[in-house]
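S.K.: Numbering follows numbering that gives the first Met the number 0, in which position 105 of the sequence shown is assigned residue number 104; successive positions increment by one, without gaps. Note that beta-carbon positions come from the ideal geometry of N, C-alpha and C, so glycine has one too. Here the structure is a predicted model, which is why all the values come from computation and not from measurement. Here you go, one structure.
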Amino acid sequence: MYWATDGLYDLLAMMTLREVFQRIFPPAGPTFRRLRWFLPATIVLLMAFSVYATFYVSILTPRLRWFIRGIYWFDIGISGVEGIFLPLTMALILVFGVAWPRYEIAILTGFAVSAYSSIVSIVLRFAGGRSYDMLFRYGPPLGFIVALLIWFGAFIARKAPLASSGADT
């Protein structure tokens with residue numbers, strides 16, 4: 000059940016990243032044509048690394064079966080996409096001179112915090128052994144809670160458009 004919900008979360012996260020990217024670089028804008036393959040290329044590159052690591056990198060997971068290694072490397076790959084997308088998008092904003100979108104950056108920051116906590120927890124646990132079990136168990140959920148707080152803060156801080164009734168009283 001956990002892996003099914005994690006897969007659903009990953010799918011929704013990729014859809015959200017796509018939406019945020021299109022809000023920062025609108026499809027009708029001239030910059031989007033040059034960057035339209037940015038997110039898919041990032042995903043393909045990091046997921047190709049995950050597939051490669053599943054079969055050829057046994058440093059972190061030497062005693063696990065290839066299927067279980069694949070699950071962990073897939074999780075690291077998706078978290079890598081979520082984590083790398085914030086600094087890459089910030090760099091593109093600076094390069095192309097786009098207005099700084101606070102709301103969208105807050106959404107990307109939440110994904111990055113959650114992703115970094117997952118990656119660090121998984122890598123330390125499998126590289127450092129059982130002494131990192133506590134971090135492995137509680138690091139990703141705590142990172143996700145921090146991400147939720149960042150997202151809630153962004154949603155609350157975003158000003159709702161004022162409805163105009165046409166009559167001033």
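Output yes or no for whether 8 Å exceeds the beta carbon distance between S116 and G138.
M.R.: Looking up residue 116 in the sequence shown gives position 117. Looking up residue 138 in the sequence shown gives position 139. For S116 and G138, yes; Cβs fall inside 8 Å.
S.K.: Measuring alpha carbon to alpha carbon, tell me which residue in I67, V119, F143, A126 is nearest G107.
M.R.: In the sequence shown, residue 107 corresponds to position 108, counting from 1. The sequence given here has Leu at residue 107, not Gly. Nearest option by C-alpha distance: F143.
S.K.: Give me, in chain order, the residues of the same chain whose beta-carbon lies closer than 6 Å to that of P100; leave out the 5 immediate sequence neighbours on both sides.
M.R.: Translated into the one-based positions of the sequence shown, residue 100 becomes position 101. The answer, listed in chain order, is I23.
S.K.: Which residues in the same chain as I42 place their Cβ atom closer than 8 Å to its Cβ, once the five residues preceding and following it in sequence are excluded?
M.R.: The residue labelled residue 42 in the question sits at position 43 within the sequence shown. Closer than 8 Å at the Cβ level, and outside the excluded window around I42, lie M13, V80.
S.K.: For G96, name the three-state secondary structure that DSSP assigns.
M.R.: The residue you call residue 96 lines up with position 97 of the sequence shown. Reduced to three states, the DSSP call for G96 is coil.
S.K.: Distance, Cα to Cα, Y1 vs I70?
M.R.: Within the sequence shown, the letter at position 2 stands for residue 1. Within the sequence shown, the letter at position 71 stands for residue 70. Y1 and I70: Cα-Cα distance of roughly 12 Å.
S.K.: Which first and last residues belong to the alpha helix (DSSP H) in which P25 is found?
M.R.: As a position in the sequence shown, residue 25 is number 26, starting the count at 1. Counting along the chain, P25 falls outside any alpha helix (DSSP H), and DSSP gives it neither H nor E.
S.K.: Can you check whether the CB of W72 is closer than 8 Å to the CB of A90?
M.R.: Translated into the one-based positions of the sequence shown, residue 90 becomes position 91. Translated into the one-based positions of the sequence shown, residue 72 becomes position 73. No, these two residues do not count as a Cβ contact at 8 Å.
S.K.: Just to confirm, is the Cβ distance from F48 to G76 under 8 Å?
M.R.: What you label residue 48 is simply residue 49 of the sequence shown in a count that begins at 1. What you label residue 76 is simply residue 77 of the sequence shown in a count that begins at 1. A contact, by the Cβ cut-off of 8 Å.
S.K.: Hey, quick one: how far does the alpha helix (DSSP H) through Y102 stretch, first residue to last?
M.R.: Reading the sequence shown from its first residue, position 103 is the one you call residue 102. Residues 101 to 127.
S.K.: Using the Cα positions of L38 and W65, report the straight-line distance between them to the nearest angstrom.
M.R.: For the purposes of this step, residue 38 is taken as the residue at position 39 of the sequence shown. For the purposes of this step, residue 65 is taken as the residue at position 66 of the sequence shown. About 28 Å.
S.K.: Can you grab the Cα-Cα spacing for the pair M174 / D74, in whole Å?
M.R.: Residue coverage of the chain in this structure runs from 0 to 168, which leaves residue 174 outside it and unanswerable.
S.K.: Whose C-beta lies closer than 8 Å to the C-beta of L63 among residues of the same chain, with five residues either side of it excluded?
M.R.: As a position in the sequence shown, residue 63 is number 64, starting the count at 1. So the qualifying residues of the chain are Y71.
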